[in-house]
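Peer 1: Below is the structure I would like to discuss, written out as structure tokens.
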Amino acid sequence: MDHQETRASRRNNHHNKPKRHWIRWVVAIVALLLVAAGGYEYYKIHSAAEGVFSSGSSKVSKKLKEGKPVSVLLMGLDTGAIGRGNSGGNTDTLELITVNPKKKTITMTSVPRDTLVKLKTSKGTDYVKINAAYSIGGPKKTQKAVSELLHVPIDYYAIVNMGVLEKVVNAVGGVTVNNPFKFTYEGHTFKKGKQHLNGTNALKYSRMRYDDPNNDYGRQKRQQQIIKAVIKELKSSSSVTAINTILDAAKKGIRTNVPINAVATLYANYHAAMKTVKTYHFKGMDATIDGTSFQIAAPKEINRVSKLVRHALGLKFTKVTNRETKLYNMQTNYDGYNNVDFVLPNESSYNDAGSGTSSSTSTTTTGGYTYSSPSTSYGTTSGSTASNYSGTGTTTGAAGYSSSSATATSGETVTSSQ
């Protein structure tokens, strides 16, 4: 099977692989739901929340009780209903969320799915794409991989299936956006200017890429629009019925190991963090290993992102030295631009070096759900370098965005009015 994919073929097949592009804003919404689903009428939504939050442990951590900063790794999947007994594949999107009530800030950091990491498997170790961690060892393995890559603690995880997206948008009554230019995508024409979108069209609006003059950056900005619009609707709604509807829609599409008994605590101690949402992007470098495309995390970028996340958690920054930084420093010709051939050490794995495939089978039970599947993990999509950008926007009506060019140093800050 050929796991290579050219830019042209990716473009021709983008209608067949659209979901990974809009998971980012789905998981961002889920992060907010983890905070917003509490409240003084908690007992009214408890039964709906049971399908989302973990019932495996009734203990609420000291960190949550004291309202300390916490982190949640959100994993976007496209495997049907969650909880069917197997992991079903790799993660399509990884988003590391921090919630800091003292700073009244939530941060979201995207981790490229094709990032090269070294993982322990049932047969030793292998160099794989980080999205393969899920098929190798489930959510706990993925949580550990991201934590070790960035040298940051991760308290909880949430698994999100894409089918929940449209229902969440519809549950808040749809969203209003301000479209900067007219375009048609998947049979729907989006006029220029303000318009109200239901779940189906919000999904389409956030997916279009190739007709945008800013390409992937423009798509990211439209995804940010949707996030801000949903945040606005969530904050303005005090309806327990709406929250029940969202949680009911999430039952088959979201799982988290946050204990259900912590829901009321989340609302009481962390609701203030919804005031500001900052988004960051982990910028990978293009690389090829045995004909397969990867994203390489350079030491400078690992440390930049680690510093941002640790700062958001109120932790002191310490320089990151791990397997990935050491491997990068071993390279003699690789630069990610003129030379994208990345060399692995001879003892790299038990199969084709860097192929991202594993023939082992793993089973793990976590958060009350069992994942057992062959650990075959290909990850065939070439990773693209995500653009970083900066700017501040206040949600005071329809969500809008500027089409200014991207910078590569900081994240975007979205400040929602109370």
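Read in full-length UniProt numbering, the sequence shown has 277 at position 277, and its numbers run on one by one without any break.
Every residue gets a Cβ at the ideal spot worked out from N, C-alpha and C, and that includes glycine.
Being a predicted model, the structure only gives us computed values, none of them experimental.
1) In the structure shown, what three-state DSSP assignment does tyrosine 270 receive?
2) Whole angstroms is fine: what's the gap from glycine 284's alpha carbon to glutamate 166's?
3) I'd like to know if the segment 97 to 104 and the segment 328 to 336 are in contact, where contact means that at least 3 CB-CB pairs between them fall below 8 Å.
4) With a threshold of 16 other CB atoms inside 10 Å of the CB of glycine 76, please say whether the residue is buried or exposed.
5) Look up leucine 315 in the DSSP assignment and say whether it is helix, strand or coil.
6) Would glycine 137 be called buried (16 or more neighbouring beta carbons within 10 Å of its own) or exposed?
7) What residue range does the beta strand (DSSP E) around arginine 209 cover?
8) Go through its chain and collect everything with a Cβ distance to phenylalanine 183's Cβ below 8 Å, but skip five positions before and after it.
9) With DSSP run on the structure shown, which of helix, strand or coil describes serine 61?
10) Could you name the residues that DSSP lists as bridge partners for arginine 255?
11) Alpha carbon to alpha carbon, what distance is there between tyrosine 127 and serine 135?
12) Exposed or buried, what is asparagine 346 when buried is set at 16 or more other beta-carbons lying within 10 Å of its beta-carbon?
13) Would you give the residue range spanned by the beta strand (DSSP E) that residue 420 belongs to?
14) Quick check: valine 230 and valine 172, are their CB atoms within less than 8 Å of each other?
15) Tell me the rounded alpha-carbon separation between histidine 164 and aspartate 290.
16) Using CA coordinates, which residue listed in Glu186, Gln195, Asn161 is at the minimum distance from valine 177?
17) Can a CB atom of chain B be found closer than 8 Å to the CB of valine 343?
18) Which residues share a DSSP beta bridge with tyrosine 337?
19) For threonine 365, collect the residues of the same chain with a Cβ closer than 7 Å to its Cβ; drop the 5 residues on either side in sequence, then sort them by chain order.
20) Measure the Cβ-Cβ separation of serine 306 and phenylalanine 294 and say whether it is below 8 Å.
21) Does aspartate 114 pass the burial test, meaning 16 or more other C-beta atoms within 10 Å, or should it be called exposed?
22) Hey, valine 99 and valine 146: beta-carbon distance below 8 Å or not?
23) In three-state terms, what does DSSP make of leucine 344?
24) Could you say if the segment 87 to 96 and the segment 259 to 274 meet the contact criterion of at least three C-beta pairs nearer than 8 Å?
25) Am I right that lysine 278 and threonine 107 are in contact with their C-beta atoms under 8 Å? What's the rounded C-beta distance?
26) Once DSSP output is grouped into helix, strand and coil, what is the label at glycine 199?
27) Please report the residue range of the alpha helix (DSSP H) in which valine 146 lies.
28) Report the rounded CA-to-CA distance for tyrosine 157 versus alanine 272, giving the unit in angstroms.
29) Would you report the Cα separation of lysine 319 and arginine 310, rounded to the nearest angstrom?
30) Mapping the DSSP letters down to three states, classify lysine 118 as helix, strand or coil.
31) Take glycine 67 as the anchor and find which of Pro299, Gly187, Leu313, Ile159 has the nearest alpha-carbon.
32) Measure the C-alpha to C-alpha separation of asparagine 179 and arginine 323 and round it to an integer number of angstroms.
33) What whole-angstrom Cβ distance do serine 71 and valine 152 have, given they're in contact under 8 Å?
34) Less than 8 Å separating the beta-carbons of aspartate 155 and lysine 300?
35) Taking just the CA atoms, how far does lysine 123 sit from alanine 132?
36) Taking only the alpha-carbon atoms, compute the straight-line gap between histidine 281 and leucine 327 and give it to the nearest angstrom.
Peer 2: Let me spell this out:
1) helix
2) 30 Å
3) no
4) buried
5) coil
6) buried
7) Careful: arginine 209 lies outside any beta strand (DSSP E) and carries neither H nor E.
8) Thr189, Phe190, Met208, Asp211, Asp212
9) Secondary structure of serine 61 (DSSP, three-state): coil.
10) Ile159
11) 14 Å
12) exposed
13) Since the first and last residues shown for the chain are 1 and 418, residue 420 lies out of range.
14) yes
15) Looking at the sequence itself, residue 164 is valine, so the reference to histidine does not match. In a straight line, the C-alpha of valine 164 is about 37 Å away from that of aspartate 290.
16) Closest option to valine 177, judged by alpha-carbon separation, among Glu186, Gln195, Asn161: Gln195.
17) Given the protein chain composition of this structure (a single chain), no chain B is represented.
18) Bridge partners of tyrosine 337: none, in fact.
19) Bear in mind that a pLDDT of 36 at threonine 365, under 50, signals an unreliable position, so the model cannot answer this.
20) no
21) buried
22) no
23) coil
24) no
25) 5 Å
26) helix
27) 133 to 150
28) Near 21 Å, if we compare the C-alpha coordinates of alanine 272 and tyrosine 157.
29) If I take the Cα positions, the gap works out to 11 Å.
30) strand
31) Considering only alpha carbons, the answer is Leu313.
32) 44 Å
33) 7 Å
34) no
35) 15 Å
36) 22 Å
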